[in-house]
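UniProt numbering numbers the first residue of the sequence shown as 11 and each following residue consecutively.
Heads up: the structure comes next, in structure tokens.
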Amino acid sequence: FKEIPTGFPEPGKTTVYDESETIDLEKAPLNGGFLVKTLVLSIDPYMRGRMRDPTIESYAPPYLIGEPLNNFGVGKVLRSENPAFKAGDHIYGMLPFQEYFIAQNPKEYRLLENKEGLPWSVYVGVCGMPGQTAYYAWKEWSDAKKGEVAFVTAASGPVGATVVQLAKGDGCKVIASAGSDEKVAFVNSLGADVTFNYKTVPTRKVLQKEGPINIYWDNVGGETLEAAIDAAETHSRFIECGMISQYNTQDQYPIKNLIYVVAKQLKIYGFIVFTLHAKYEEQFYKEMPRRVAAGEIKYQEDFTHGLDKVGEAILDVQTGKNKGKKVIIVAND
Ligand code: NDP
């Protein structure tokens with residue numbers, strides 16, 4: 011991490027690729043820890059929030075200038091002096107953006123058994139943090155009833171696409187938006203009832219025709235949130251998952267109709283996925299890999315190969331160039 015951005019992160023300026031440090035894979039001392047080969051790394055929208063002045067408090071720690079980025083990933087243990095993991099094990103957790111690293115604390119990682127034989131990339135997408143986000147919060151707050159109308163934004167990404175399918179599974183009519191016709195076609199294939207490209211069709215127009223809505227899954231914030239408030243039925247649930255339209259700007263969009271939160275008795279649930287782990291994590295790992303392997307839950311991935319392309323991949327997710335879950339493939343198994 012090289013420089014705190016003010017707007018969109020800039021590859022080569024905000025982040026740089028650095029080959030100056032090496033690890034001797036055979037001889038590097040482990041000091042009771044384990045040597046890990048990084049296989050896949052996740053690129054997530056919230057990484058932009060970690061590129062901030064480190065004195066500003068937030069739910070995720072800031073990236074530190076001069077240090078490698080870190081994020082969710084899957085690695086393979088090559089050598090171990092810790093009884094928790096043995097050579098050949100695959101682990102999931104917060105990995106540094108390095109090809110290899112030595113870890114000390116096994117509690118920070120989860121052993122992936124992967125009985126289903128899924129590709130490892132899936133464990134940072136639909137079977138990882140984004141899938142958990144969708145699964146936990148939908149179960150916790152949607153209170154979905156058959157026939158209700160759910161509106162899902164950024165619906166082609168790993169969070170949105172999973173929500174669309176959970177909402178359909180609960181018998182909702184699903185209205186879903188995405189930023190290109192190609193993304194819309196993918197969301198259509200997930201079974202959404204009404205899909206549209208919000209860049210060419212006004213969201214308000216669609217919600218007026220297909221609403222009112224009972225559940226709003228917000229991934230984008232801004233004027234879309236404003237439109238959703240206007241289209242909401244009394245007692246609607248708003249699941250405030252993300253506001254990506256506001257992540258790269260200093261000027262927050264002023265929501266003008268918040269007063270309807272009172273009159274419509276809206277329930278607004280802002281959340282951070284970690285806070286729901288204790289309640290849902292084990293259930294998630296029992297259910298999601300099995301359903302994904304069975305083809306019941308679909309997903310789309312967008313690979314970038316190599317750590318030297320991380321900067322571009324981060325920018326792509328912020329601008330919507332990614333087509334599904336953005337994953338950095340660092341190495342094959
Ligand atoms: P995606 O893979 O869907 O990538 C983000 C997408 O956001 C882009 O592809 C783009 O899709 C869309 N987007 C970008 N800019 C804008 C904009 N200005 N207006 C509207 N849409 C925009 O991301 P994820 O599925 O990983 O994450 C989705 C949301 O969930 C994010 O807001 C993220 O921060 C949030 N999140 C929250 C968590 C929590 O704990 N609360 C945990 C994980 C994710 P398009 O082309 O369709 O516009």
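Glycine residues also receive a C-beta, built at the ideal position from the N, C-alpha and C atoms.
Among the options, the one whose alpha carbon lies nearest that of residue i
i: residue 16; options: 259, 192, 237; result: 259
i: residue 172; options: 69, 310, 11; result: 310
i: residue 248; options: 140, 105, 186, 148; result: 148
i: residue 122; options: 43, 110, 99; result: 99
i: residue 193; options: 14, 337, 330; result: 330
i: residue 19; options: 114, 191, 60, 118; result: 60
i: residue 293; options: 142, 257, 180; result: 142
i: residue 107; options: 328, 315, 244; result: 315
i: residue 117; options: 296, 95, 336; result: 95
i: residue 337; options: 34, 49, 165, 144; result: 49
i: residue 182; options: 162, 29, 257; result: 162
i: residue 115; options: 30, 218, 40, 56; result: 40
i: residue 243; options: 14, 272, 179, 191; result: 272
i: residue 35; options: 164, 57, 297, 97; result: 97
i: residue 146; options: 341, 342, 282; result: 282
i: residue 335; options: 156, 165, 216, 203; result: 165
i: residue 204; options: 190, 219, 210; result: 219
i: residue 305; options: 57, 285, 199, 73; result: 199
i: residue 213; options: 188, 343, 144; result: 188
i: residue 58; options: 297, 151, 125, 73; result: 73
i: residue 153; options: 210, 180, 296, 130; result: 180
i: residue 333; options: 195, 229, 119; result: 195
i: residue 289; options: 150, 255, 208; result: 150
i: residue 387; options: 307, 343, 317, 296; result: The question about residue 387 has no answer, for the chain in this structure spans 11 to 343.
Cut-off 7 Å between Cβ atoms - residues of its own chain near residue i, not counting five sequence neighbours on either side
i: residue 265; result: 235, 236
i: residue 246; result: 223, 224, 225, 226, 274, 276
i: residue 233; result: 263
i: residue 280; result: 250
i: residue 221; result: 159, 241
i: residue 80; result: 104, 105, 106, 107
i: residue 56; result: 70
Endpoints, the alpha helix (DSSP H) within which residue i is located
i: residue 270; result: 270-273
i: residue 57; result: 57-60
i: residue 321; result: 320-329
i: residue 198; result: 191-199
i: residue 298; result: 287-303
i: residue 239; result: 232-241
i: residue 216; result: 213-220
Cβ shell of residue i (< 8 Å), same chain only, five flanking positions each side left out
i: residue 128; result: 137, 299, 302, 303
i: residue 82; result: 51, 52, 54, 102, 103, 104, 105, 134, 138, 139
i: residue 267; result: 236, 239, 240
i: residue 46; result: 85, 86, 87, 88, 101, 105, 110, 111, 112, 113
i: residue 9; result: Residue numbering for the chain in the displayed model covers 11 to 343; residue 9 lies beyond these limits and cannot be assessed.
Sequence-distant residues of the same chain with beta carbon closer than 6 Å to residue i, five excluded per side
i: residue 253; result: 231
i: residue 177; result: 160, 184
i: residue 130; result: 49, 50, 84
i: residue 144; result: 169, 172, 173
CB-CB length for residue i against residue j, believed under 8 Å
i: residue 313; j: residue 339; result: 5 Å
i: residue 251; j: residue 169; result: 6 Å
i: residue 91; j: residue 43; result: 6 Å
i: residue 112; j: residue 12; result: Actually they are not in contact, since the Cβ atoms of residue 112 and residue 12 sit about 24 Å apart, beyond 8 Å.
i: residue 328; j: residue 257; result: 7 Å
i: residue 341; j: residue 109; result: 7 Å
i: residue 325; j: residue 21; result: 6 Å
i: residue 63; j: residue 33; result: Actually they are not in contact, since the Cβ atoms of residue 63 and residue 33 sit about 31 Å apart, beyond 8 Å.
i: residue 191; j: residue 207; result: 6 Å
Host beta strand (DSSP E) of residue i (start-end)
i: residue 226; result: 223-228
i: residue 205; result: 204-207
i: residue 280; result: 277-280
i: residue 111; result: 110-113
i: residue 21; result: Residue 21 -> no beta strand (DSSP E), and no H or E assigned at all.
i: residue 188; result: 183-188
i: residue 154; result: Segment: none, residue 154 is in no beta strand (DSSP E) and carries neither H nor E.
i: residue 78; result: Per DSSP, residue 78 belongs to no beta strand (DSSP E) and is neither H nor E.
i: residue 106; result: 100-106
i: residue 172; result: Where residue 172 is concerned, there is no enclosing beta strand (DSSP E), although the alpha helix (DSSP H) it sits in stretches over 168-179.
i: residue 28; result: Segment: none, residue 28 is in no beta strand (DSSP E) and carries neither H nor E.
i: residue 44; result: 44-52
i: residue 119; result: 119-121
i: residue 338; result: 335-339
i: residue 313; result: 311-315
beta-carbon residue i near the ligand FAD non-hydrogen atom, thresh 6 Å
i: residue 255; result: Although the ligand FAD was asked about, the structure shown includes only the ligand NDP as ligands.
Examine the Cβ distances between the stretch 87-97 and the stretch 66-73 and report whether three or more of them are shorter than 8 Å.
no
Looking at C-beta atoms only, is the number of pairs between the stretch 316-330 and the stretch 13-28 that lie closer than 8 Å three or more?
yes
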